[in-house]
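Undergrad:
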Amino acid sequence: MSPGGARHPDVVVVGGGIVGAACSYFLVRAGLSVELLERGFPASGTSGACEGNLLMWDKELTRELPFGLRSLALWAELAQELEIDFEFEPKGSIMVVEDGAGLEPMARKVAELARAGVPGTILSRQELHAEEPALAPDIAGGALFPEDGQVEPRYATAALVEGGRRHGLRVRTDTAVRRLHLGPAGRVEAVETAGERIPAGVVVLAAGVWTREIAATAGLEVPVHPRKGHVVVVERAPSLIRRKLMEAGYVATVESSDAALQVAMVVEATRAGTVLLGSSRQLVGFDRSVSVQVAAAIAARAIRFFPALAGLRCIRTYAGLRPFSPDHRPMIGPVAGAEGVYVATGHEGAGICLAPATGRLIAQWVTGEPLDFPAEWFRPDRFRGQG
Amino acid sequence: MSVQRTEVAVLGAGPAGIAAALAAARAGARVTILDESPAPGGQIYRQPPDAFRLRRPEALGKEYARAQQLTRELAASSAQFLPATMVWGVEADKTLLLYREGGGASALKAEALIVATGAYDRPIAFPGWTLPGVWTAGGAQAMLKSERILPGRRVLVAGAGPLLLPVAKALVEAGATVAGVVEATTRLEWALHSHRMLGHWERMGDAVRYEAALLRARVPRFFGHVVVRAEGADRVERATIAAVDRQWRPRPGSERTFDVDLLCIGYGFLSSMELPRLLGCELRYHGAQGQHLPRHTAEMESSVPGVFVAGETTGIGGADLALAEGRLAGLAAAHLLGHPWGAERQQEMVAAQARRRHQLGFARILDELFAMRPGIHELAAPDTPLCRCEEITVAEVQAAVRRGARTVRAVKGATRVGQGPCQGRICHTLVAHLVARETGRPVGEVLDITPRPPIKPVPLEVLAGLAEEKAGIEP
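If you want it as structure tokens, here you go:
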């Protein structure tokens with residue numbers, strides 16, 4: 008029984024990160040009674056250890072990009088709709104190219120994106136430095152994507168959770184799910200926490216990199232693995248960096264399946280005035296501790312592009328675990344081998360960006376409404392047998 | 154970047170650190186001792202810079218003489234002193250990442266570490282506590298000792314504990330008018346503890362001398378009072394005190410206001426836990442001191458093999474206790490590294506153990522007498538900032554708790570508390586007390602912070618320098 012004898016929820020969402028929060032929000036908006044279970048507190052995992060990029064130009068063009076564009080539009084709506092200010096800033100992003108050799112591929116990419124619905128402008132060296140005067144003078148060029156943006160991920164998670172509460176969402180923090188119970192026909196029956204068994208007709212697993220072990224308690228296979236990333240925080244430097252900047256090579260590191268450490272420059276200022284530096288990718292299991300060497304590599308790369316950062320002080324570092332699937336695309340939809348179990352994970356570094364579209368899609372799956380996107384695009388069972 | 158090697162690295166050159174360095178060096182270990190200050194001595198033995206020619210060194214008291222003696226011994230020993238050096242990170246193999254202002258980055262690989270990084274003033278939030286002109290008692294004392302600058306002319310000294318008296322005395326001697334010394338505990342409570350202090354004559358003697366000096370200067374004393382607010386346009390102009398009950402909650406109608414241009418607040422100290430946390434030392438919550446402290450053996454070794462703790466790092470206890478613990482840690486670290494002890498070292502160890510027990514007895518009495526009571530954590534108003542770096546108020550933290558944050562880390566996730574340059578050093582305990590009160594949970598449970606490098610802000614190029622180094626080694 009739920010505390011206070013309340014009725015059982017229609018849906019139990021497991022995981023209070025950005026994706027679980029968005030699923031919960033769209034599910035309660037669809038009129039369902041929902042209980043969100045979070046083992047720590049909202050955004051205490053990966054969502055609280057990232058940068059909050061709403062980026063289109065790094066998306067795969069055929070599926071992820073249309074999904075991303077929908078999500079970006081939803082973020083803009085949510086910024087109006089939700090009570091908590093989550094620092095939504097459509098500030099635009101700039102892809103920068105270190106040397107002349109990168110200009111030609113960049114121009115091709117900009118044209119390709121324009122055809123796919125992402126407006127972008129190629130910036131000459133002069134225009135680039137007018138946009139971002141702090142860039143190193145030898146940086147060859149760039150492209151501006153004015154519609155990209157950012158949110159404060161922890162505030163965004165809180166905004167969705169609080170927004171959900173206004174529509175009846177029940178939230179339980181400090182509540183880890185230990186087991187998922189299926190009935191004889193593979194129909195989900197309940198989730199089990201340390202202290203109780205919560206009956207549920209529908210369960211949405213949105214526990215990020217930890218989804219795999221929860222699904223495994225019911226013999227279900229969700230092939231999601233952790234890919235670690237570090238963020239380095241620099242003291243307040245008002246107006247040093249105007250937009251969100253990434254080096255063009257960033258896409259290659261995102262798409263790569265290499266286990267070794269990869270570092271690509273990602274730099275942006277927050278509304279608080281601090282500067283966030285990324286990005287790193289490594290496959291090192293579930294270890295969330297900060298490696299000074301990785302932070303150092305990120306710092307060095309950022310200084311390469313923004314020499315003025317060198318003398319500013321690093322005030323913090325943190326690391327998080329991106330949930331990645333074998334093909335680097337999210338897994339959103341029903342899990343094969345069970346009835347009533349859905350997953351929403353595998354967004355890798357795009358969880359914040361893609362959360363609203365994911366939440367909406369999950370709500371459509373659960374309610375049986377027409378789906379915004381073809382079912383097979385993000386079906387979790389596409390890897391069956393590849394696990 | 155250069156990597157140096159040593160056997161024993163002593164972090165902090167206050168009484169504990171110096172004693173540890175001397176003991177380890179005498180026992181035959183190669184010792185490197187470092188401090189963020191340009192000269193050894195720490196907070197208590199803080200010395201004026203060489204630029205000041207002292208005409209009356211005796212005016213700085215017997216601490217100064219002791220500091221002189223210890224630093225002379227340190228200079229004469231084989232231990233190497235690294236001045237103005239900050240530890241900002243440490244790797245699992247006990248390689249310390251160092252930064253020296255103006256001198257750049259370096260690394261020091263040690264076989265054993267002795268953490269003696271001391272303590273800082275315990276922050277207490279009340280309306281106006283962040284106004285310019287509101288100082289910590291320790292900060293004012295440091296200013297007087299090292300810069301010989303008088304930070305105000307008309308001063309109120311307030312708080313609880315033995316530091317208030319020497320600070321007030323030093324202010325009087327430097328020419329300030331001390332409008333009052335405001336002590337939260339009562340004379341009766343002092344009297345009830347006094348019989349237990351018999352046997353600690355040296356400490357009692359200090360107190361008597363301070364009392365006499367304040368009496369001569371006709372400094373008004375207020376017992377059982379606390380400062381409830383500070384006010385002023387751009388800086389502090391007025392401070393209001395009130396009588397308190399046994400829980401240190403203000404009694405209505407007992408307020409009185411003083412015109413001041415300096416308010417010194419001293420509610421005791423908190424031990425610096427950044428390094429023990431980063432090193433992974435197991436901590437426990439010490440209720441009377443209101444803080445987490447590392448577990449350690451009788452020989453001062455923490456739960457991490459080869460990492461020793463001494464002085465205020467093990468809890469607030471004063472310079473004499475720190476000296477004893479430093480000696481123990483230094484001897485034990487040398488022994489661990491295979492420097493055999495003769496009968497003399499064995500004797501020194503036994504003597505230091507006895508000395509430690511004796512001083513610990515006194516420290517426990519002070520713990521009990523001056524332990525914070527609930528009312529002191531309730532003075533802040535809804536609009537009082539708790540995190541001064543990010544200007545997060547009591548009301549904002551309360552809102553985060555209402556939304557489900559039950560620990561300091563959760564509040565950090567919901568607000569920007571503790572995310573400024575001080576890295577939560579000031580606000581974490583303030584937030585912890587508020588969260589504990591709002592959730593009904595023990596403070597020790599809600600104070601759940603994760604240590605990550607850099608533990609002190611460090612120029613980005615220093616951090617980046619480490620990458621270049623590694624890149625050179627690993628293709």
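Protein chains in written order, with the numbering used here: chain A, 8 to 394; chain B, 154 to 628. Don't be surprised by glycine CBs; every beta carbon is placed ideally from N, CA and C. Note that the structure is a prediction, hence the values are computed from the model and not measured.
1) Return helix, strand or coil for Arg183/B, following the three-state DSSP convention.
2) Would you kindly report the start and end of the unbroken alpha helix (DSSP H) that includes Phe74/A?
3) The alpha helix (DSSP H) spanning Glu326/B covers which residue range?
4) Going by CA-CA distance only, name the one from Leu85/A, Glu169/A, Leu81/A and Leu39/A that's closest to Arg555/B.
5) Looking at chain B, which residues of the region 312 to 327 of chain A have a Cβ within less than 9 angstroms of any of its Cβ atoms?
6) Shorter than 8 angstroms from the beta carbon of Gly352/B to some beta carbon of chain A?
7) Let me see if you follow: with CB-CB separation under 8 angstroms, is Arg185/A close to chain B or not?
8) For a cutoff of 8 angstroms on Cβ pairs, would you count Arg556/B as touching chain A?
9) So, is Trp82/A buried or exposed, given that buried needs 16 or more other C-beta atoms within 10 angstroms?
10) Whose CA, out of Gly24/A, Leu34/A, Val210/A and Glu42/A, lies closest to the CA of Leu368/A?
11) Let me check understanding here. Comparing Cα to Cα, which of Gly314/B, Ala337/B and Val310/B lies closest to Leu324/B?
12) If you compare alpha carbons, which of Arg158/B, Pro168/B, Glu160/B and Val156/B is closest to Ala463/B?
13) Taking only three categories from DSSP, how would you classify Ala315/A?
14) In this structure, what does DSSP give as the bridge partners for Phe152/A?
15) In the region 336 to 392 of chain A, which residue ranges form an unbroken alpha helix (DSSP H) of at least 4 residues, counting only runs that do not cross its ends?
16) Quick check: is the beta carbon of Asp294/A nearer than 8 angstroms to any beta carbon in chain B?
17) At what residue ranges does the region 244 to 319 of chain A contain a whole run of the alpha helix (DSSP H), taking only runs of 4 or more?
18) By Cβ distance below 6 angstroms, which residues in the same chain neighbour Ser230/B in space, the five residues on each side in sequence not counted?
19) In the structure shown, what three-state DSSP assignment does Tyr420/B receive?
20) Give the interface partners of Val274/A over in chain B, defined as CB-CB distance under 7 angstroms, in chain order.
21) Classify Pro49/A as buried or exposed, calling it buried when 16 or more other Cβ atoms lie within 10 Å of its own Cβ.
22) Would you kindly work out how many angstroms separate the C-alpha atoms of Ala245/B and Arg320/A, rounded to a whole number?
23) Who are the near neighbours of Leu583/B in its chain, counting only those whose CB is closer than 7 angstroms to its CB and skipping five residues on each side?
24) Please tell me whether Phe93/A has its Cβ less than 8 angstroms away from any Cβ of chain B.
25) Would you please state the rounded distance, in angstroms, between the beta carbons of Ala255/A and Met102/A? I believe it to be under 8 angstroms.
26) I'd like the list of long-range same chain contacts for Glu104/A, defined as Cβ closer than 7 angstroms, with 5 residues on each side in sequence excluded.
27) Would you mind sorting Ala118/A into buried or exposed? The rule is 16 or more other CB atoms within 10 Å of its CB.
28) Return helix, strand or coil for Arg306/B, following the three-state DSSP convention.
29) Let me know if Ala523/B comes out buried or exposed under the rule of 16 or more other beta-carbons within 10 Å of its beta-carbon.
30) At least one CB of chain A closer than 8 angstroms to the CB of Ser550/B: is that the case?
31) Please identify the residue among Ser347/B, Ile394/B and Cys542/B whose C-alpha is closest to the C-alpha of Gly577/B.
32) Could you tell me whether the region 477 to 496 of chain B touches the region 436 to 445 of chain B, using the rule of 3 or more Cβ pairs below 8 angstroms?
33) Could you tell me whether any Cβ in chain A is nearer than 8 angstroms to the Cβ of Ala332/B?
34) Can you give me, in chain order, the residues of the region 555 to 579 of chain B that have a beta carbon less than 8 angstroms from any beta carbon in chain A?
35) Would you say Arg402/B and Gly528/B are within 8 angstroms of each other, going by their C-beta atoms?
36) So if DSSP puts Leu227/A in a beta bridge, which residue, or which two residues, is it bridged to?
TA: Taking the definition as stated:
1) What you label residue 183/B is simply residue 30 of the second sequence in a count that begins at 1. Coil, per DSSP.
2) Translated into the one-based positions of the first sequence, residue 74/A becomes position 67. First-last of the alpha helix (DSSP H) with Phe74/A: Glu71 to Glu88.
3) Taking the second sequence and counting its residues from 1, one reaches residue 326/B at position 173. Counting along the chain, the alpha helix (DSSP H) containing Glu326/B begins and ends at Leu317 to Glu326.
4) Position 402 of the second sequence, counted from the first residue, corresponds to residue 555/B. Comparing Cα-Cα distances from Arg555/B to each of Leu85/A, Glu169/A, Leu81/A and Leu39/A, the minimum goes to Glu169/A.
5) Flagged, chain order: Leu316, Ala317, Gly318, Leu319, Arg320, Cys321, Ile322, Arg323, Thr324, Tyr325 and Ala326.
6) For the purposes of this step, residue 352/B is taken as residue 199 along the second sequence, with counting starting at 1. For Gly352/B, the closest Cβ of chain A is not nearer than 8 angstroms.
7) Sequence index remark: in the first sequence, residue 185/A carries index 178 (1-based). Put simply, the CB of Arg185/A is far from chain B, with every gap to its CB atoms at 8 angstroms or more.
8) Taking the second sequence and counting its residues from 1, one reaches residue 556/B at position 403. Yes - at least one Cβ of chain A is within 8 angstroms of the one on Arg556/B.
9) The residue given as residue 82/A occupies position 75 in the first sequence. If you draw a 10 Å sphere on the C-beta of Trp82/A, you find 16 or more other C-beta atoms in it, and that means buried.
10) As a first step, residue 368/A is located in the first sequence; it is residue number 361 there, counting from the start. If we check each option's Cα against that of Leu368/A, Leu34/A comes out closest.
11) Counting from one through the second sequence, the residue named residue 324/B turns up at place 171. Minimum Cα-Cα distance from Leu324/B among the listed residues Gly314/B, Ala337/B and Val310/B corresponds to Val310/B.
12) The sequence position of residue 463/B within the second sequence is 310, counting from 1. The shortest Cα separation from Ala463/B among Arg158/B, Pro168/B, Glu160/B and Val156/B belongs to Pro168/B.
13) As a first step, residue 315/A is located in the first sequence; it is residue number 308 there, counting from the start. Here Ala315/A sits in helix by DSSP.
14) The count along the first sequence starts at 1 and reaches residue 152/A at position 145. Bridge partners of Phe152/A: Ser100/A.
15) Look at the region 336 to 392 of chain A and you find these whole runs of alpha helix (DSSP H), each 4 residues long or longer: 358 to 374.
16) For the purposes of this step, residue 294/A is taken as residue 287 along the first sequence, with counting starting at 1. Judged by the 8 angstroms Cβ criterion, Asp294/A is not in contact with chain B.
17) Fully enclosed alpha helix (DSSP H) runs of 4 or longer: 257 to 262 and 299 to 312.
18) Indexing the second sequence from 1 puts residue 230/B at position 77. Listed in chain order, the non-local C-beta contacts of Ser230/B below 6 angstroms within the same chain comprise Leu175 and Ala178, local neighbours out to five positions each way being set aside.
19) Residue numbering aside, residue 420/B sits at position 267 when the second sequence is read from its first letter. DSSP, read as helix, strand or coil, puts Tyr420/B in coil.
20) Taking the first residue of the first sequence as position 1, residue 274/A is located at position 267. Those within 7 angstroms of Val274/A in chain B number zero; the least Cβ separation is about 11 angstroms.
21) Here the question's residue 49/A lines up with position 42 in the first sequence. Around the beta carbon of Pro49/A, 16 or more other beta carbons lie within 10 angstroms, which makes this residue buried.
22) Within the second sequence, numbered from 1, the residue matching residue 245/B stands at position 92. Within the first sequence, numbered from 1, the residue matching residue 320/A stands at position 313. One Cα belongs to Ala245/B, the other to Arg320/A, and the distance between them is close to 24 angstroms.
23) Here the question's residue 583/B lines up with position 430 in the second sequence. For Leu583/B, where only same-chain residues beyond five positions count, the Cβ hits under 7 angstroms are Pro276, Ala278 and Leu539.
24) As a working note, residue 93/A is residue 86 in the first sequence. Closer than 8 angstroms: no.
25) Numbered from its first residue, the first sequence carries residue 255/A at position 248. Numbered from its first residue, the first sequence carries residue 102/A at position 95. Contact holds; Cβ gap of about 5 angstroms.
26) Walking along the first sequence from the start, residue 104/A turns up at place 97. Inspection of the sequence shows that residue 104/A is occupied by Val rather than by Glu. Counting only Cβ-Cβ distances below 7 angstroms, and skipping sequence neighbours, we find Leu110, Met113, Ala147, Gly148, Gly149 and Ala255.
27) By 1-based counting over the first sequence, the position of residue 118/A is 111. Exposed, since its Cβ has fewer than 16 Cβ neighbours within 10 Å.
28) As a first step, residue 306/B must be located in the second sequence, where it is residue number 153. Under the three-state reduction of DSSP, Arg306/B is assigned to coil, being neither helix nor strand.
29) On the second sequence, position 370 is the one that residue 523/B refers to. The residue asked about is misnamed: residue 523/B is Phe in this sequence, not Ala. Burial call: buried.
30) As a first step, residue 550/B must be located in the second sequence, where it is residue number 397. With the sequence shown as reference, residue 550/B is identified as Val, and Ser is not the correct amino acid for it. Under the Cβ criterion of 8 angstroms, Val550/B is not counted among the residues facing chain A.
31) As a position in the second sequence, residue 577/B is number 424, starting the count at 1. Answer by Cα proximity: Cys542/B.
32) Segments in contact, no.
33) Sequence index remark: in the second sequence, residue 332/B carries index 179 (1-based). Cβ-Cβ to chain A under 8 angstroms: no for Ala332/B.
34) Going along the region 555 to 579 of chain B in chain order, one finds Arg556, Gly557, Ala558, Arg559, Thr560, Arg562, Ala563, Gly566, Ala567, Arg569, Gln572, Gly573, Pro574 and Gln576 with a Cβ nearer than 8 angstroms to chain A.
35) As a position in the second sequence, residue 402/B is number 249, starting the count at 1. As a position in the second sequence, residue 528/B is number 375, starting the count at 1. Contact: yes.
36) Translated into positions along the first sequence, residue 227/A becomes position 220. Note: Leu227/A sits in no beta bridge, so no partner.
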